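Heads up: the structure comes next, in C-alpha cells.
Chains as they are written, first to last, in the numbering used here: chain A, 1 to 236; chain B, 1001 to 1311.
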C-alpha cells in the first residue's frame, strides 16, 4: 500500500517539475473561468449547471494531456525497467500513476471553488446541485484519467498516448448518440455505456447510486485493463 | 545463491536464449562475457524479473523468480543497460525514491543514502538534476541506485561503459570491494577488467554458454600450449634451432626471423612445462647472446574471439 503512495507522490511532484502540468492547469482555469463567467452573465442564475457541462467538455482533451506521460515517458526513458525490477507490483505502479493524475485533477478542481464563493456572495445558490455537480465532476474526471493512463501504456510516444486517450474518451462520451440508431435492448445497453449519460443527474442535483456504480465500475475496469496491459508487455 | 536452469527465451522470429544454465555461489563475482546480441542483457532481465523466460527456472537466494518475484526483487540491486534514470529528479531525491521503493527503514534512510553516495563518489552532487550530469556521474548514480537497500545480489549490465580510464579503475575497485560482501554478476566487453575483478567468467554466444571457468583456467585451457619467444644474437638459425630442440620439455622450435645476426625463434613447450631456465642456459652455454625472452599465452581477448567465432 505504501508503495502506491510513494509512487503517487513522486509522480505528482514530477508533474510540477514539468511545464505540461502548468499549461494544462492554466488552460483549464482559463476555459472554466470563461464558461462560468459568460454563463453567469447570460443566465443571471446562481447555478453551476451550465458551467458544469462545459467544464467536462474541456476535460475531454485536457486530461489526456495530463495522463499521456504516465507510462509512455517511462518506457521511452527506459526507467520502466528500473521501476519494474523493484519490489513493487504492476498493480501498485498503475494505481500510483492513477492517483498522481487524480491528485493533479483534484487540485485543478479545487481552484474552481472560487466560483462557488462568488455565487454565494452575490446570489442565493441552491447548494445541493453544486455538491452533486462536484461529485459528478470528480467521478467523470477519474473515469477519463483511467482511460488516459491506459492509453499511455500502449506506446512510447506521449503524443500518440494523448491522441489515443482523447479518442477513447470522446468515443465513449458520445456513444449515446448511437443509441438512437438502435431499438430496444441494444439501445439501452449503448445508452448505459455512454459516459455522458450518467453525468446529467449529478448536474441536476441528483446523486443516483446507479450512476455512482457506473463510474466506479468504469474506473476499476480500465485500471484492471491497464495492469494487464503492463503485464502483457512483460510477456512479449 | 543463484541457480539458473535451462533458460530459454524465444521471440517470434528468433531464439535469444537456448538452454542457459549456470550456478553462482555466494560471494562470487561473475563476469558475463559475450558479443552484442549474445543474450547477456536478456539473461539479466530474466534474473531481475523484468520479464519471464519462455521456459526454465531461476532461483535467487532460495526464491523462485516466477513464483516469488517480489521476494527476489527485494534481494537484488540492478543496473540496467544504458543506465536509465529519471532525468528530471535531483540525485538525492532520486535515490530517496529508490530507497522508499526498496523499503529501507525510514530512520536509517538518510544515512544509508549518504553512505552510498560517498562510496560512489557522488556526495557533492546530491542536489544536481540528473539530466545535467556528465555520463560518468550518471553511471555512478545508476550504480548507487543498485546499492540502495544493501542487496545481497548485484546484477550490473555493462557498469563501466562510457567511462574514462580513471573512472573505470574507480568503479572496478568499488566492485572488487563490494564483491567481498555481495554476490555480483556483471556483463562487460572490457576483457582485461574481467580478468582483474572476476572470480569466474561465463562466456555466452548466440544464446548458449560456450565457456565457464576462472580467468586463469580459461587462459590455460583454451590457449593450449604455452610458447616462449626468444631473440638470440650470434650463431646460425639452424644450429640454434637444433640445440634448442634438444632441451628437455621442448616439443617444437620454429625460426621466426633472422636479420643482421639476430634470430627470433618460437619455442613450443609441452603442457605445463616451463622451459625458460633451460633455454636460457643453453643459449648462454653456446656463447650466444640472449637478447630477449618472453612467454606467450592467449589472452582473454583471443580466447573470447576463439570461442565466439560465428557458427
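Heads up, the beta-carbon is just placed ideally off N, CA and C, and yes, glycines get one too.
Given the structure is predicted, the values throughout are model-derived calculations rather than measurements.
Span of the beta strand (DSSP E), counted from its first residue to its last, around residue i
i	result
residue 1077/B	1076 to 1079
residue 1184/B	1183 to 1188
residue 1252/B	1250 to 1259
residue 1156/B	1153 to 1157
residue 1211/B	1208 to 1213
residue 1267/B	1262 to 1269
6 Å CB neighbourhood of residue i in its chain, flanking five on each side removed
i	result
residue 1378/B	Outside the displayed range of chain B (1001 to 1311) lies residue 1378/B, so it cannot be described from this structure.
residue 1210/B	1203 and 1307
residue 1184/B	1029 and 1154
residue 224/A	none
residue 1000/B	The first residue shown for chain B is 1001 and the last is 1311, placing residue 1000/B beyond what the model contains.
residue 132/A	202, 205 and 207
residue 92/A	3 and 4
Anticipated Cβ contact below 8 Å, residue i with residue j, distance rounded
i	j	result
residue 1267/B	residue 1208/B	Actually they do not touch by this definition, with Cβ atoms about 36 Å apart.
residue 48/A	residue 115/A	7 Å
residue 1079/B	residue 1146/B	4 Å
residue 1020/B	residue 1001/B	The Cβ separation is near 17 Å, so there is no contact.
residue 82/A	residue 1084/B	5 Å
Same chain, Cβ closer than 8 Å to residue i, neighbours up to 5 away in sequence not counted
i	result
residue 60/A	144, 166, 169, 170 and 173
residue 1214/B	1199, 1200 and 1201
residue 1097/B	1086 and 1089
residue 1311/B	At residue 1311/B, the pLDDT of 44 sits below 50, so the modelled position is not reliable; the number obtained from the coordinates is stated separately. Excluding positions up to five away in sequence, the list is empty.
residue 124/A	46
residue 157/A	72 and 76
residue 1150/B	1112
Proximity test, Cβ basis, 7 Å: residue i and chain B
i	result
residue 81/A	yes
residue 6/A	yes
residue 84/A	yes
residue 204/A	no
residue 75/A	no
residue 17/A	yes
residue 128/A	no
residue 184/A	no
residue 78/A	yes
residue 228/A	no
residue 158/A	no
residue 10/A	yes
residue 87/A	yes
DSSP beta-bridge partners of residue i
i	result
residue 1294/B	1229/B
residue 1003/B	1023/B and 1059/B
residue 1312/B	A question about residue 1312/B goes unanswered here, because the residues of chain B that appear run from 1001 up to 1311.
residue 1032/B	1187/B and 1202/B
Residues near residue i by beta carbon distance below 7 Å, same chain, minus five either side
i	result
residue 9/A	none
residue 1304/B	1033, 1191 and 1203
residue 112/A	32
Limits of the alpha helix (DSSP H) - the one that residue i falls within
i	result
residue 1163/B	No alpha helix (DSSP H) contains residue 1163/B, which DSSP labels as neither H nor E.
residue 140/A	127 to 152
residue 182/A	Here residue 182/A belongs to no alpha helix (DSSP H), and DSSP marks it neither H nor E.
residue 65/A	49 to 67
residue 1145/B	1135 to 1147
residue 1205/B	Looking at the DSSP string, residue 1205/B is not in any alpha helix (DSSP H); the run it does join, the beta strand (DSSP E), is 1200 to 1205.
residue 200/A	199 to 204
residue 1193/B	1191 to 1197
residue 7/A	2 to 17
residue 1087/B	No alpha helix (DSSP H) contains residue 1087/B, which DSSP labels as neither H nor E.
residue 176/A	175 to 178
residue 1111/B	1106 to 1119
Interface flag, residue i vs chain A, CB-CB below 7 Å
i	result
residue 1114/B	no
residue 1311/B	Only weak support is given to the placement of residue 1311/B: the predicted model assigns it a pLDDT of 44, under 50, and the question is left unresolved by the model.
residue 1070/B	yes
residue 1048/B	yes
residue 1137/B	no
residue 1014/B	no
residue 1151/B	no
residue 1073/B	yes
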